[in-house]
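Residue numbers (our numbering), protein chains in the order written: chain A, 1 to 108; chain B, 1001 to 1242.
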């Protein structure tokens, strides 16, 4: 836990287009080669991640309090978000599947 | 009765209120979700947000005073993203083998999600400001706000769109994947998770983590990739167009 916070603070020091936590994630991925760290992270990380949904609640509440901003175009926006979200997921799946078929073919 | 009112005024003004309310509501929402066999429509994020928003409005508690307590939970979001490195480390050999395919899928999914939203919104004649704010909607909310600022969108709108996109993915992903016959096995879980994480970022990943650990790990990877790709590519593409 302390190490994660430290990682975040460290990453904030870099002035890159990525936000601190993502830099922290990449740093931690590199740092995990160090075995004592693996022991600590192997217990804290799964615990923190199992509560990931909870962590989004405050942001979500903030967003819903601003819903009036989009109420003028409510249904259009709802439709746009719904369709584009599905399109994006289908595209991701399609590429993943295409890769798998090709791999399978080369093996056969 | 006046005592109660006084107590209430005192409590609602302390940070403890936001913190306790969030934890309590989430615990109940999560218990219901588990009780219903993790039904996607019982999503604990969605219901906690609905209950808390309604409650805050009904009680007349302004968002900032709620957030003064809830920020302690919000703060953990950063370390949680850092913690996503762990499931990736555990699967590092497997990920290296599929690196190219995963990267291509992340680019394709992010691009399609973003471009289809922009195209549809433009076709429906939505204001330009809204169209621009839809661009980074497949990135986790804080990053989406940063990107929106760079390309001339509205950060607050982008955060709304990002959260809605996350919820749509978490709620409907299961049905979409079943419809496309993505199997629920060793081969299928990573694909399901990766697609959810690519398009529906953190909220989608949270759902994936609860359902299956492989799906969760790949969702986390996709979430991270999407942040990096979007933060780099979206502003670049915009500079190139204009």
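The beta-carbon is built from N, C-alpha and C at its ideal position, and this holds for glycine as well. Small disclaimer: the values here were computed from a predicted structure and weren't measured.
Distance between beta carbons of residue j and residue i, contact taken as under 8 Å
i               : j               : result
residue 1140(B) : residue 1201(B) : 4 Å
residue 1118(B) : residue 1134(B) : 6 Å
residue 1198(B) : residue 1106(B) : 5 Å
residue 1111(B) : residue 1137(B) : Their Cβ separation, rounded to whole angstroms, is 13 Å, which puts residue 1111(B) and residue 1137(B) out of contact at 8 Å.
residue 88(A)   : residue 1170(B) : In fact, because the Cβ distance is near 14 Å, the residues do not count as touching under 8 Å.
residue 1059(B) : residue 49(A)   : Actually they do not touch by this definition, with Cβ atoms about 32 Å apart.
residue 83(A)   : residue 1116(B) : 7 Å
residue 30(A)   : residue 1088(B) : About 11 Å separates the two Cβ atoms, so there is no contact after all.
residue 1109(B) : residue 78(A)   : Incorrect: roughly 21 Å between the Cβ atoms, too far for contact.
residue 1042(B) : residue 1032(B) : 6 Å
residue 93(A)   : residue 1195(B) : 5 Å
residue 1143(B) : residue 1227(B) : 5 Å
residue 41(A)   : residue 1086(B) : 5 Å
DSSP state of residue i mapped onto helix, strand, coil
i               : result
residue 1038(B) : coil
residue 109(A)  : No answer is possible for residue 109(A): the residues shown for chain A start at 1 and end at 108.
residue 1166(B) : helix
residue 1031(B) : helix
residue 1194(B) : helix
residue 76(A)   : helix
residue 27(A)   : helix
residue 1158(B) : helix
residue 1098(B) : coil
residue 108(A)  : For residue 108(A), the predicted structure reports a pLDDT of 36, less than 50, and the residue's modelled location is therefore unreliable. A value from the coordinates is still provided. Residue state, collapsed to three classes: coil.
residue 34(A)   : coil
residue 1091(B) : coil
residue 1186(B) : coil
residue 1152(B) : coil
residue 1138(B) : coil
residue 1124(B) : coil
residue 92(A)   : helix
residue 1060(B) : coil
residue 51(A)   : coil
residue 56(A)   : coil
residue 1076(B) : coil
residue 1084(B) : coil
7 Å Cβ shell around residue i - same chain, five flanking residues per side excluded
i               : result
residue 1026(B) : 1044, 1048
residue 1030(B) : 1044
residue 1234(B) : 1135, 1136, 1147, 1151
residue 1214(B) : 1189, 1190, 1193
residue 1079(B) : none
residue 26(A)   : none
Other residues of its chain near residue i: CB distance less than 8 Å, five sequence neighbours each side excluded
i               : result
residue 1019(B) : 1069, 1070, 1072, 1073
residue 105(A)  : Its pLDDT being 44, under 50, residue 105(A) is placed unreliably in this model, and the coordinates cannot settle the point.
residue 1040(B) : 1170, 1171, 1172, 1173, 1174, 1175, 1207
residue 1122(B) : 1131
Other residues of its chain near residue i: CB distance less than 6 Å, five sequence neighbours each side excluded
i               : result
residue 1209(B) : 1216
residue 1225(B) : 1106
residue 1051(B) : 1025
residue 1155(B) : 1145, 1148, 1149
residue 75(A)   : none
residue 107(A)  : Bear in mind that a pLDDT of 40 at residue 107(A), under 50, signals an unreliable position, so the number given afterwards is only what the model happens to contain. Here the set comprises nothing.
residue 1091(B) : 1217
residue 57(A)   : none
residue 55(A)   : none
Residue i CB to nearest heavy atom of the ligand NAP below 7 Å
i               : result
residue 1093(B) : The model on display carries no ligand, and the ligand NAP is accordingly not part of it.
Given a limit of 9 Å on CB to CB distance, which residues of the region 1077–1103 of chain B reach chain A? 1077, 1078, 1079, 1080, 1081, 1082, 1083, 1084, 1085, 1086, 1087, 1088, 1089, 1090, 1092, 1098, 1100, 1101, 1102
Which residues, in chain order, does the region 1016–1041 of chain B contribute to contact with chain A at a C-beta distance below 7 Å? 1022, 1026
Check each residue of the region 74–96 of chain A: if its Cβ is closer than 9 Å to any Cβ of chain B, include it; give the result in chain order. 76, 77, 78, 79, 80, 81, 82, 83, 84, 85, 86, 87, 88, 89, 90, 91, 92, 93, 94, 95, 96
Give the residues from the region 1162–1181 of chain B that approach chain A closer than 9 Å (Cβ to any Cβ), ordered along the chain. 1162, 1163, 1164, 1165, 1166, 1167, 1168, 1169, 1170, 1172, 1173, 1176, 1177, 1180
If the cut-off is 7 Å on Cβ atoms, which residues from the region 1117–1136 of chain B count as contacting chain A, listed in chain order? 1117, 1120, 1121, 1124, 1126, 1130, 1134
Quick one: which residues of the region 1196–1214 of chain B get their C-beta closer than 8 Å to a C-beta of chain A? List them in chain order. 1196, 1198, 1199, 1200, 1202, 1203, 1205, 1206, 1207, 1209, 1210
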